[in-house]
Amino acid sequence: REGVVLGSAGSYSLVDVGLREPLMVEGACRVGERVIVRLGDKPRIVSRGEIPYYWGYSVVSVSDLRSALRLYEGYLKVGTSRLGTPLREVAVELASSARERGRVALFFGEREKGLFELAAEEGLNAMEEFDYIVNLVPKQGSFTIRTEEAVPIALALLDFILAD
10 REGVVLGSAG SYSLVDVGLR EPLMVEGACR VGERVIVRLG DKPRIVSRGE
60 IPYYWGYSVV SVSDLRSALR LYEGYLKVGT SRLGTPLREV AVELASSARE
110 RGRVALFFGE REKGLFELAA EEGLNAMEEF DYIVNLVPKQ GSFTIRTEEA
160 VPIALALLDF ILAD
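The opening position of the sequence shown corresponds to residue 10 in the numbering used here, with each subsequent residue numbered one higher.
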């Protein structure tokens with residue numbers, strides 16, 4: 010379960026994981042920190058890497074696109090843009106590349122600027138920086154899609170094309 014640290018003393022933390030009572034778990038953490046707790050006789054804090062199955066997506070906020078691209082070196086970098094190639098045209102190829110690479114990083118623009126504009130502002134060529142730039146909703150009917158809508162759309166479509 011995921012939880013929020015309510016307090017910490019010594020090498021133990023009090024964590025609210027949505028049960029009747031908060032759990033006292035081994036591991037000193039900062040108050041307010043979000044942690045993953047493995048339940049059992051001795052509940053303990055674990056890292057995402059210790060979980061053998063999908064545990065949701067991670068969001069990273071960086072100051073600029075160049076930093077984000079550097080952070081995800083080695084990943085299949087997929088940009089999303091209304092100016093991109095419709096996903097259905099590259100789905101098979103993208104799925105093959107994703108399986109081969111093993112890790113995918115999705116990139117989204119801002120409300121006021123898309124990835125092409127953000128890249129240009131930093132002297133980057135978006136077509137060279139991303140492995141794919143895809144349009145997830147070709148007939149969206151609006152200039153932009155809000156990020157909180159784009160993330161689940163992108164993840165659902167990616168899950169669909171990667172399904173065996």
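Glycine included, C-beta positions come from ideal geometry on N, C-alpha and C. No experiment lies behind these values; they were computed from the predicted model shown.
**Request:** Step through the CB atoms of chain C and report whether any lies within less than 8 Å of the CB of residue 94.
**Result:** Checking the listed chains, one finds no chain C in this structure; it contains a single protein chain.
**Item:** Bridge-paired residues (DSSP) for residue 184
**Value:** The first residue shown for the chain is 10 and the last is 173, placing residue 184 beyond what the model contains.
**Request:** Please confirm if the region 117 to 127 is in contact with the region 85 to 99, defined as three or more CB-CB distances below 8 Å between the two stretches.
**Result:** yes
**Request:** Scan the region 72 to 108 and note each continuous alpha helix (DSSP H) run of 4 residues or more that stays entirely inside, going in chain order.
**Result:** 74 to 80
**Item:** the region 18 to 27 contacting the region 40 to 56, beta-carbon criterion three pairs below 8 Å
**Value:** yes
**Prompt:** From what residue to what residue does the alpha helix (DSSP H) around residue 169 run?
**Reply:** The sequence position of residue 169 within the sequence shown is 160, counting from 1. Residues 156 to 171.
**Item:** With 16 other Cβ atoms within 10 Å as the buried cut-off, status of residue 114
**Value:** By 1-based counting over the sequence shown, the position of residue 114 is 105. With 16 or more Cβ atoms within 10 Å of its Cβ, residue 114 is classed as buried.
**Item:** Contact set for residue 57: own chain, Cβ-Cβ below 6 Å, skip 5 residues either direction
**Value:** Working through the sequence shown from its first residue, we reach residue 57 at position 48. The residues are 64.
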